[in-house]
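Q: Input: one structure, supplied below.
Residue numbers (this note's numbering): 871 to 1033.
Have a look at this one:
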């Protein structure tokens, strides 16, 4: 992972953008993974736990001990993030103690029709790191919207490959 090209922002809250994060093999592993398919609820949540009885939760792809052998490059990313030196580096950037944290890596491939309600993450979540794999150069406007305290869009993080 490349932590050498980080840009810090303070509005609407402190966040960072990274470029050239991962190597080609890792990006390919993300881009060409088979995400479970099935009927989706599209209720504005990632797992369809608002009104879809959580059925989309079964269609999520997390890298686990059971499937990590199928994802050697992403397993390497997890191992790197778990290393003490990497954890310390990220802790320093965030000014947050990550010593009791754990890594949960999910490959997300939003389908046509998916939307996510504006929300604040749960307090237990110490950080979110999203790395875009956009091998087909789809619109950069498909990134993540950031909102102010009144839930007004103030910025869109671009859907830019390897950032």
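We put the CB at the ideal spot given by N, CA and C, even for glycine.
Because the structure is a prediction, the values reported are computed rather than measured.
1) Looking only at its chain, what residues have a beta carbon closer than 6 Å to the beta carbon of residue 876, apart from the 5 residues adjacent to it on each side?
2) Apart from the five residues on each side of it in sequence, which residues of its chain come closer than 8 Å, Cβ to Cβ, to residue 947?
3) Could you give the DSSP three-state label for residue 954: helix, strand or coil?
4) Where DSSP assigns a beta bridge to residue 879, which residues make up the other side?
5) How long is the line joining the alpha carbons of residue 968 and residue 1005, rounded to whole angstroms?
6) Taking its Cβ as the centre, do 16 or more other Cβ atoms sit within 10 Å of residue 944, making it buried, or is it exposed?
7) So, helix, strand or coil for residue 948, using DSSP?
8) Between residue 956 and residue 873, is the Cβ-Cβ spacing less than 9 Å?
9) What residues are listed by DSSP as bridge partners for residue 977?
10) Apart from the five residues just before and just after residue 990, which ones in its own chain have a Cβ nearer than 8 Å to its Cβ?
11) Measuring straight from C-alpha to C-alpha, what distance separates residue 950 and residue 882?
A: Reading from the atomic positions:
1) Here the question's residue 876 lines up with position 6 in the chain shown. 886, 888.
2) Here residue 947 corresponds to residue number 77 of the chain shown, with the count starting at 1. For residue 947, where only same-chain residues beyond five positions count, the Cβ hits under 8 Å are 871, 892, 896, 975.
3) Here residue 954 refers to the residue found at position 84 when the chain shown is read from its first residue. DSSP places residue 954 in helix when its eight states are reduced to three.
4) On the chain shown, position 9 is the one that residue 879 refers to. According to DSSP, residue 879 bridges with 885.
5) If you number the chain shown from 1, residue 968 lands on position 98. If you number the chain shown from 1, residue 1005 lands on position 135. So the two alpha carbons sit approximately 32 Å from each other.
6) For this step, residue 944 is matched to residue 74 along the chain shown. Looking at its Cβ environment, which holds 16 or more other Cβ atoms inside 10 Å, residue 944 is buried.
7) For this step, residue 948 is matched to residue 78 along the chain shown. If DSSP states are grouped into helix, strand and coil, residue 948 belongs with the helices.
8) Numbered from its first residue, the chain shown carries residue 956 at position 86. Numbered from its first residue, the chain shown carries residue 873 at position 3. Contact flag set, yes.
9) For the purposes of this step, residue 977 is taken as residue 107 along the chain shown, with counting starting at 1. According to DSSP, which records beta bridges pairwise, residue 977 is partnered with 931.
10) Position 120 of the chain shown, counted from the first residue, corresponds to residue 990. Here the set comprises nothing.
11) Here the question's residue 950 lines up with position 80 in the chain shown. Here the question's residue 882 lines up with position 12 in the chain shown. Whole-angstrom Cα-Cα distance: 29 Å.
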